[in-house]
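FYI, in this note's numbering the residues of the sequence shown are 785 to 1054.
In what follows, a structure is listed as structure tokens, so that the remarks can point back to it.
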Amino acid sequence: MWDYSETVKEYYTNPKNVGSIEDADAIGEAGALACGDALKLYLKIKDGVITDAKFQTFGCGSAVASSSMLTEMIIGKPLKEVEKITNKDIIERLGGLPPEKIHCSVMGREALEDALNNYYGYKIGEKSTDKIICNCFSVTENVIKEAVEQGAKTVKEITDLTYAGGACGRCKENIQKIIDSILGPKKINKEELTPVQFALKVNSILEKEIAPQLALDNGGLELVDIEGKNIYIKLKGTCESCPNAKSTVKNFIEKKLKELIDDEINVIEG
Ligand code: FES
């Protein structure tokens, strides 16, 4: 059984604005009876403001609740404001929808867009060059770019901020591409290692590949500790006595470990 919010239950059991408008100025449709969900939205528009809205729907409780909420959200609102309503807005006003029912809010948004397209005589989307990346939530490329600029670094963080990627997930790959185009490709660990395997591998590289090279100049090193990706070492011999050599050797070790194990390793000397 789906876990519905109290608002969804209320709008399903007592839907507002059910019906049709005889002399509607715009009618929009979405879904298809053959698929089990269909919505017809009727709008009355005067001086650029939606003065009335009614709907007829065939579908589940979420479809009724989403359509009903949508009509309440648009009545009395100027078209310019209504154009910007997304299915995410409908979901928020409903207090959330189960992921399996997100398509009901999408159907509401699509019927609204269809009605406005019919009213204007052109596609709203054609006015802008901004591309829809997440169809489930009508989230555009620019919205995702803005989220990255606000600090989101992962697809999950984009989903938390914009909802994009939060339903069927088909857009996740494209979201990652947008993140990469701004922040650069994500660094990938060369191997998934457990903490013990990681420590053994670090120790082995220090002993077998790095220590012999330092020994050529009468230097050496000791592994002191490992905390996450931080490797604490102590330099010895000639590596320890010269401050310039210290930072060169430390950088050499860090570069080697990053190359062979993990790009996020930090070497801390002292
Ligand atoms: S297209 Fe379905 S979650 Fe984005």
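Using N, Cα and C, we set each Cβ at its ideal position, and we do this for glycine too.
As the structure is a computational prediction, the values presented were derived from the model and not from experiment.
### Task
Verify the contact flag: Cys888, CB atom, against every heavy atom of the ligand FES, threshold strictly below 6 angstroms.
Answer for Cys888: no, Cβ out of range of the ligand FES.
### Message
Any contact between the segment 789–797 and the segment 849–863? By contact I mean 3 or more CB pairs, one from each, below 8 angstroms.
### Response
Taking a cut-off of 8 angstroms for Cβ pairs, the segment 789–797 and the segment 849–863 touch, as three or more such pairs fall below it.
#### Entry: Same chain, Cβ closer than 8 angstroms to Leu896, neighbours up to 5 away in sequence not counted
Gly812, Leu825, Leu854, Ile858, Val866 and Ile869, listed in sequence order.
### Task
Evaluate Cys955 with the Cβ neighbour count: other Cβ atoms within 10 Å of its Cβ, from every protein chain shown; 16 or more gives buried, anything less gives exposed.
Buried, since its Cβ has 16 or more Cβ neighbours within 10 Å.
### Task
Return yes when at least one heavy atom of the ligand FES lies under 6 angstroms from the C-beta of Ala951, else no.
Ala951 Cβ: within cutoff of the ligand FES.
### Message
I need the straight-line Cα distance from Asn871 to Gly880, nearest angstrom please.
### Response
Cα to Cα, Asn871 sits roughly 11 angstroms from Gly880.
### Query
Bridge partners of Thr841, per DSSP?
Leu823, per the DSSP bridge assignment.
### Message
Could you tell me the alpha carbon to alpha carbon distance between Ile1015 and Ser789, rounded to whole angstroms?
### Response
Going by the C-alpha atoms only, they are around 49 angstroms apart.
#### Entry: Status (buried if at least 16 other CB within 10 Å, exposed otherwise) for Val1008
That one is exposed.
### beta-carbon Asn919 near the ligand FES non-hydrogen atom, thresh 6 angstroms
At least one heavy atom of the ligand FES is nearer than 6 angstroms to the Cβ of Asn919, so yes.
### Message
For the ligand SAH, is there any heavy atom lying closer than 6 angstroms to the beta carbon of Arg877?
### Response
Among the ligands modelled here, namely the ligand FES, the ligand SAH does not occur.
### Query
Where Asp898 and Ala814 are concerned, what is the direct C-alpha to C-alpha distance, given to the nearest angstrom?
Those two C-alpha atoms are separated by around 8 angstroms.
### Task
Within the segment 878–940, note down every full alpha helix (DSSP H) run reaching 4 residues or more, in order along the chain.
Taking 4 residues as the shortest admissible run, the segment 878–940 contains the following complete alpha helix (DSSP H) segments, listed from N- to C-terminal end: 886–904 and 925–933.
### Task
Less than 8 angstroms between the CB atoms is what I'm expecting for Glu993 and Lys1040, so what's the real figure, rounded?
Yes, they are in contact, since the Cβ atoms of Glu993 and Lys1040 sit about 7 angstroms apart, within 8 angstroms.
### Task
With DSSP as the reference, label Ala769 as helix, strand or coil.
The structure shown does not extend to residue 769, since the chain is modelled only from 785 to 1054, so the question has no answer here.
### Message
What does the Cβ neighbour count give for Val986, buried or exposed, with the cut at 16 atoms within 10 Å?
### Response
Under this definition Val986 is a buried residue.
### Message
Just to confirm my understanding: we take Ile989, look at its own chain, exclude 5 residues before and 5 after, and list those with CB closer than 8 angstroms. What are they?
### Response
Counting only Cβ-Cβ distances below 8 angstroms, and skipping sequence neighbours, we find Lys1040, Leu1041, Leu1044 and Ile1045.
### Query
Across which residues does DSSP place Gly949 in a beta bridge pair?
Bridge partners of Gly949: none, in fact.
### Query
Relative to the alpha-carbon of Leu863, which residue among Cys844, Ile875 and Ile834 has its alpha-carbon at the smallest distance?
Closest option to Leu863, judged by alpha-carbon separation, among Cys844, Ile875 and Ile834: Ile834.
### Task
Please classify Pro799: does DSSP put it in a helix, a strand, or coil?
If DSSP states are grouped into helix, strand and coil, Pro799 belongs with coil.
### Closer than 6 angstroms: Arg954 CB and nearest the ligand FES heavy atom
Checking the Cβ of Arg954 against the ligand FES gives yes.
### Message
Distance check for Glu1038 and Ile1049, CA to CA, integer angstroms please.
### Response
Here the alpha carbons of Glu1038 and Ile1049 stand approximately 7 angstroms from one another.
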